[in-house]
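Trainee: Here you go, one structure.
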Amino acid sequence: MNYELFLAKRIITGKQHKSSISSSIIKIAITAIALGIIIMLVSIATTIGLQKKIKEKISGFNGHIQIANFEDNNSQITVTPISIEQDFYPEFTTIDGIKNIQTFATKAGIIRTETDFEGVIYKGV
3 MNYELFLAKR
13 IITGKQHKSS
23 ISSSIIKIAI
33 TAIALGIIIM
43 LVSIATTIGL
53 QKKIKEKISG
63 FNGHIQIANF
73 EDNNSQITVT
83 PISIEQDFYP
93 EFTTIDGIKN
103 IQTFATKAGI
113 IRTETDFEGV
123 IYKGV
């Protein structure tokens, strides 16, 4: 038998400690520790599930892979688009694991109010 378990059972169920206040304190402490562990497990499971959902949403918006022309410009606003009339484009459908190929366009813009303005990038699918 486990030494810690033996000692805990002896303290909880001992005849001299049955009527003392330490028995109820020990039971409250055990209950608090058990509740704390349960709450931690639930929060970890919730966090893992939330992370998976966020990854799904991000990959649904951006996709897993984006193919673009190589340019030294990293702004994504003035990137020259790739023509669909490429030799490699029809071959993507034969690759196992590719479900969909989608073209998209991006355009920069500014949203302006009377007091403020904000730069945005529109994405059209």
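Residue numbers are given in the numbering used here: position 32 of the sequence shown equals residue 34, and the series is strictly consecutive. Just so it is clear, CB atoms sit at the ideal spot from N, CA and C, and this is done for glycine as well.
#1: Please state whether the Cβ-Cβ distance between G126 and F106 is less than 8 Å.
#2: Taking the CB atoms as reference points, tell me whether I41 and K29 lie closer together than 8 Å.
#3: Look at the alpha carbon of K54 and the alpha carbon of S24, and state the distance between them as a whole number of angstroms.
#4: Excluding sequence positions up to five away, which residues of its chain have a Cβ less than 8 Å from the Cβ of S26?
#5: Work out the CA separation of I39 and L7 for me, nearest whole Å.
#6: Kindly indicate the opening and closing residues of the beta strand (DSSP E) around A110.
#7: Does the ligand ADP have even one heavy atom less than 7 Å from the beta-carbon of T49?
Mentor: According to the data block:
#1: Start at 1 with the first residue of the sequence shown, and residue 126 comes out as number 124. Start at 1 with the first residue of the sequence shown, and residue 106 comes out as number 104. Cβ atoms of G126 and F106: closer than 8 Å.
#2: What you label residue 41 is simply residue 39 of the sequence shown in a count that begins at 1. What you label residue 29 is simply residue 27 of the sequence shown in a count that begins at 1. No, these two residues do not count as a Cβ contact at 8 Å.
#3: The sequence position of residue 54 within the sequence shown is 52, counting from 1. The sequence position of residue 24 within the sequence shown is 22, counting from 1. Those two C-alpha atoms are separated by around 45 Å.
#4: The residue given as residue 26 occupies position 24 in the sequence shown. Around S26: no qualifying Cβ.
#5: For the purposes of this step, residue 7 is taken as the residue at position 5 of the sequence shown. For the purposes of this step, residue 39 is taken as the residue at position 37 of the sequence shown. Between L7 and I39, the C-alpha separation is close to 18 Å.
#6: Mapped onto the sequence shown, residue 110 falls at position 108. Note, A110: beta strand (DSSP E), 107 to 114.
#7: For the ligand ADP, the structure offers nothing, since it holds no ligand at all.
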